[in-house]
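First up is the structure itself, then whatever we jot down about it.
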Amino acid sequence: MNLGTTFVQDTFAEAFAMAYARILVTAYDQHWLDAAVREATGYSSSVIACDAETGLERSFGEQETPDGRLGASLLMFGFTDEALEKSVSKRVGQCIMTCPTTAVFDGLDSAERRIALGKHLRFFGDGYQKSKRVEDRRFWRIPVMDGEFLVQDTIGISSGVGGGNIILQTTDQAAGLAAARRAVEAIAGIDGAITPFPGGVARSGSKVGSRYKGLVASTSDPFCPTLRGRVESELHPDAHCAYEIVVDGVSPAAVSQAMTAAMRAAAGPDVLMIAAGNYGGKLGKFHFHLRELLSGTS
Amino acid sequence: MVLRLRLLASPQVPLEVEGITPDRLQDKTVAEIERLKIFHGNAQVALSDFFGVSGDASDEILEWEGDLSGVHWIGAQMASGTMRVLGDAGRHVGSEMTGGQILVDGNVSDWLGAEMHGGHLHVKGNAGHLVGAAYRGSARGMTRGQILVDGDAGNEVGHTMRRGLVAIGGTVGDLVGFNMLAGTVLVLGECGIRHGAGMRRGTLALLGRNPPPMLPSFRYACRCQPIVMRVLLRHLMQMGFSTPDDLLAASYCLYHGDLLEGGRGEILTSCSTAL
Numbered sequence: 160m161n162l163g164t165t166f167v168q169d170t171f172a173e174a175f176a177m178a179y180a181r182i183l184v185t186a187y188d189q190h191w192l193d194a195a196v197r198e199a200t201g202y203s204s205s206v207i208a209c210d211a212e213t214g215l216e217r218s219f220g221e222q223e224t225p226d227g228r229l230g231a232s233l234l235m236f237g238f239t240d241e242a243l244e245k246s247v248s249k250r251v252g253q254c255i256m257t258c259p260t261t262a263v264f265d266g267l268d269s270a271e272r273r274i275a276l277g278k279h280l281r282f283f284g285d286g287y288q289k290s291k292r293v294e295d296r297r298f299w300r301i302p303v304m305d306g307e308f309l310v311q312d313t314i315g316i317s318s319g320v321g322g323g324n325i326i327l328q329t330t331d332q333a334a335g336l337a338a339a340r341r342a343v344e345a346i347a348g349i350d351g352a353i354t355p356f357p358g359g360v361a362r363s364g365s366k367v368g369s370r371y372k373g374l375v376a377s378t379s380d381p382f383c384p385t386l387r388g389r390v391e392s393e394l395h396p397d398a399h400c401a402y403e404i405v406v407d408g409v410s411p412a413a414v415s416q417a418m419t420a421a422m423r424a425a426a427g428p429d430v431l432m433i434a435a436g437n438y439g440g441k442l443g444k445f446h447f448h449l450r451e452l453l454s455g456t457s
Numbered sequence: 550m551v552l553r554l555r556l557l558a559s560p561q562v563p564l565e566v567e568g569i570t571p572d573r574l575q576d577k578t579v580a581e582i583e584r585l586k587i588f589h590g591n592a593q594v595a596l597s598d599f600f601g602v603s604g605d606a607s608d609e610i611l612e613w614e615g616d617l618s619g620v621h622w623i624g625a626q627m628a629s630g631t632m633r634v635l636g637d638a639g640r641h642v643g644s645e646m647t648g649g650q651i652l653v654d655g656n657v658s659d660w661l662g663a664e665m666h667g668g669h670l671h672v673k674g675n676a677g678h679l680v681g682a683a684y685r686g687s688a689r690g691m692t693r694g695q696i697l698v699d700g701d702a703g704n705e706v707g708h709t710m711r712r713g714l715v716a717i718g719g720t721v722g723d724l725v726g727f728n729m730l731a732g733t734v735l736v737l738g739e740c741g742i743r744h745g746a747g748m749r750r751g752t753l754a755l756l757g758r759n760p761p762p763m764l765p766s767f768r769y770a771c772r773c774q775p776i777v778m779r780v781l782l783r784h785l786m787q788m789g790f791s792t793p794d795d796l797l798a799a800s801y802c803l804y805h806g807d808l809l810e811g812g813r814g815e816i817l818t819s820c821s822t823a824l
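Keeping their order, the protein sequence lines are chains A and B.
Residues 160 to 457, numbered by the working numbering, are exactly what the first sequence covers, in order.
Residues 550 to 824, numbered by the working numbering, are exactly what the second sequence covers, in order.
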């Protein structure tokens with residue numbers, strides 16, 4: 160199957176069930192909002208070694224947020240509810256509460272599963288914190304040096320999907336970078352999906368395990384062009400570069416939509432092949448078959 | 550369908566209609582509703598002696614029509630549904646209600662939402678004294694829910710309230726938040742004196758153009774723009790409560806008190822100087 164001149168391999172991406180939270184961050188202006196988002200979504204590319212996979216979902220105008228300021232929703236994914244609760248609290252406490260003017264709201268108000276957020280962070284107020292209930296939402300007002308940090312007591316969590324992916328194989332690095340950016344920009348316009356790696360792109364795709372004891376993951380040698388000839392390569396014969404776009408989403412549908420949009424945006428003359436990473440279907444609950452996505456049958 | 554209760558004639562002595570609420574009438578026929586007992590002074594009478602009953606109660610929507618200023622306890626202990634009062638109402642509207650919403654298209658007398666535990670009350674006109682308050686001798690006033698009054702209110706708004714939101718669009722009398730335990734009272738107009746006396750926690754936002762004098766047991770902290778005020782104001786706007794847009798970006802003077810009770814409460818007043 161081809162998308163223009165780009166060959167789409169008959170394969171699938173293998174993804175996993177993950178818990179996710181959506182927090183809405185607001186701030187005084189775009190500068191401080193960007194600062195908070197950048198900080199909160201740092202070091203969160205993969206739960207292989209990070210506490211959570213996070214990313215910016217979408218931006219909000221002043222009329223769309225609870226406090227009438229600019230906002231952004233962040234999605235945070237973890238393997239368990241407990242792990243997610245710890246990582247969200249730490250990230251909000253260290254990366255957002257510290258950022259001037261910010262406030263944090265629950266982005267999943269209707270979720271039945273809930274984790275504590277302000278309930279943990281309030282203790283930073285050392286007894287001077289105050290709670291305020293507005294309808295059914297309870298907030299904590301933690302005194303800080305520019306006024307108060309406002310954070311919701313609990314936030315909703317739900318079940319999502321982590322690890323959807325496509326692997327772009329290109330004639331050279333420049334073509335690969337351009338294709339990857341097109342793909343990430345296409346996903347950025349889709350609600351409910353994030354690309355947690357730097358700039359949305361992973362160059363160090365990984366496989367499970369390693370020859371070294373204690374390492375849970377190591378380089379995906381079949382997709383490394385420099386190892387062609389030494390290992391059984393899965394690259395297109397003319398490909399000299401490969402980039403992986405990893406997608407986490409709030410549902411299988413969101414991941415499907417994001418992967419489809421990414422493939423369509425990335426395809427082009429110098430993009431020789433689009434593949435995907437999987438583990439033979441043995442580990443992940445969700446299988447996203449590339450050709451079925453493109454034909455609309457998935 | 551709406552169930553309509555139309556006052557046939559103004560009563561000589563007060564009528565008390567406690568228990569005539571959408572949730573309790575939902576499964577009753579018009580004939581059954583007509584036979585329900587209310588008080589006329591100290592005498593029990595049938596509802597139909599003073600009200601014309603029409604419509605259907607199954608959708609939990611109840612409308613009162615007529616000059617109901619002598620009718621008390623409208624919506625008291627209501628648990629769910631919608632009630633509209635097309636005209637003035639008497640004392641104790643929504644008293645001890647736990648849910649649902651009451652909209653009064655007129656004025657109400659004292660004890661609006663006294664000791665309410667949930668639900669929404671919105672009065673388009675004025676309210677009397679003791680909005681959301683505790684009854685004399687009670688440990689606490691309203692514990693949850695919200696009361697919106699577009700017009701003015703009297704004295705002791707939020708007396709001993711424990712939780713919830715009271716918003717007054719016009720002026721209020723004295724002693725707002727007297728003995729307040731927690732919760733929020735927001736007043737957009739001018740107000741009298743001695744607010745927050747004995748308050749332990751909670752927020753009084755007195756946002757009239759001329760800030761009231763503070764009791765000596767309150768201490769000034771700073772000028773500030775609490776984000777929680779923006780959240781509250783936007784919430785009120787969404788609830789249809791008229792709020793000036795410029796309040797969102799306004800600065801407030803913050804006072805802590807009552808220091809005689811630990812100083813964990815706060816009063817916010819409008820600040821003329823921007824931050």
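The beta carbon of each residue, even a glycine, is placed where N, CA and C say it ideally should be.
Are any of the Cβ atoms in chain A nearer than 8 angstroms to that of residue 776(B)?
-> yes
For residue 379(A) versus residue 368(A), is the C-beta spacing smaller than 8 angstroms?
-> no
When the Cα of residue 205(A) is compared with those of 375(A), 288(A), 166(A) and 434(A), which residue comes out closest?
-> 375(A)
Could you tell me if residue 740(B) is buried or exposed, where buried requires 16 or more neighbouring beta carbons within 10 angstroms of its beta carbon?
-> buried
At what residues does the alpha helix (DSSP H) containing residue 581(B) begin and finish?
-> 579-583
Minimum C-alpha distance to residue 337(A) - residue among 430(A), 316(A) and 398(A) | 430(A)
Tell me whether the beta-carbon of residue 648(B) lies closer than 8 angstroms to the beta-carbon of residue 628(B).
-> yes
Which chain A residues are close to residue 584(B), counting only those with a beta carbon under 7 angstroms from its beta carbon?
-> By Cβ distance, chain A contributes nothing, its closest Cβ being about 38 angstroms from residue 584(B), past 7 angstroms.
Starting from residue 797(B), find everything on chain A with Cβ-Cβ shorter than 8 angstroms and list it in chain order.
-> 227
Length of the line joining the Cα atoms of residue 276(A) and residue 593(B) = 54 angstroms
At 9 angstroms on the CB atoms, spell out the chain B contacts of residue 223(A), in chain order.
-> Result: empty, since nearest Cβ-Cβ is about 11 angstroms, beyond 9 angstroms.
Run the CB neighbour count on residue 441(A), radius 10 Å, all protein chains shown included, and call it buried at 16 or more, exposed below.
-> exposed
Return no unless some Cβ of chain B is closer than 8 angstroms to the Cβ of residue 266(A).
-> no
With 16 other CB atoms within 10 Å as the buried threshold, where does residue 189(A) fall?
-> exposed
By how many angstroms is the C-alpha of residue 677(B) removed from the C-alpha of residue 663(B)?
-> 12 angstroms
Tell me whether the beta-carbon of residue 404(A) lies closer than 8 angstroms to the beta-carbon of residue 333(A).
-> Contact flag unset, no.
Who are the Cβ neighbours of residue 174(A) in its own chain at under 7 angstroms, not counting the five residues just before and after it?
-> 320, 321, 322, 323, 414, 443, 445 and 447
When the Cα atoms are used, what is the spatial distance from residue 668(B) to residue 653(B)?
-> 14 angstroms
Looking at chain A, which residues of the segment 713-744 of chain B have a Cβ within less than 9 angstroms of any of its Cβ atoms?
-> Cβ contacts with chain A come from 713, 714, 731, 732 and 733.
Tell me the DSSP bridge mates of residue 317(A)?
-> 179(A)
If you draw a straight line from the C-alpha of residue 294(A) to the C-alpha of residue 657(B), how long is it?
-> 24 angstroms
Is it true that the segment 775-789 of chain B meets the segment 303-310 of chain A, where meeting means three or more beta-carbon pairs spaced less than 8 angstroms apart?
-> yes
Could you check which residue in 289(A), 424(A) and 400(A) has the C-alpha nearest to that of residue 162(A)?
-> 424(A)
Got a sec: is the Cβ-Cβ distance from residue 566(B) to anything in chain A below 8 angstroms?
-> no
Determine which residues share a DSSP beta bridge with residue 161(A) and list them.
-> 166(A)
Assigned exposure category for residue 470(A) - 16 Cβ within 10 Å defines buried | The requested residue 470(A) is not part of the displayed model; chain A covers only 160 to 457.
Can you list the residues of chain B that residue 306(A) reaches, using a CB-CB cut of under 7 angstroms?
-> 773, 774 and 775
Are the Cβ atoms of residue 211(A) and residue 258(A) separated by less than 8 angstroms?
-> no
Is there a Cβ from chain B that is less than 8 angstroms from the Cβ of residue 300(A)?
-> yes
Residue 613(B) bridges to which residues according to DSSP?
-> 554(B) and 634(B)
Assuming residue 639(B) contacts residue 571(B) under a Cβ cut-off of 8 angstroms, what Cβ separation, rounded to an integer in Å, is found between them?
-> With a Cβ gap of about 19 angstroms, residue 639(B) and residue 571(B) do not count as contacting.
Round the Cβ separation of residue 233(A) and residue 184(A) to the nearest angstrom and send it over; I've been treating them as touching at under 8 angstroms.
-> 6 angstroms
What's the call for residue 824(B), buried or exposed, on a 16-neighbour Cβ count within 10 Å?
-> Residue confidence is low: residue 824(B) scores 43 on pLDDT, short of 50, so the model does not pin down where it sits. Its coordinate-derived value is still stated next. Exposed, since its Cβ has fewer than 16 Cβ neighbours within 10 Å.
Which value, in whole angstroms, describes the spacing of the CA atoms of residue 604(B) and residue 586(B)?
-> 19 angstroms
Is any beta-carbon of chain A found at less than 8 angstroms from that of residue 708(B)?
-> no
Counting along the chain, where does the beta strand (DSSP E) carrying residue 404(A) start and finish?
-> Run containing residue 404(A): 400-408, per the beta strand (DSSP E) assignment.
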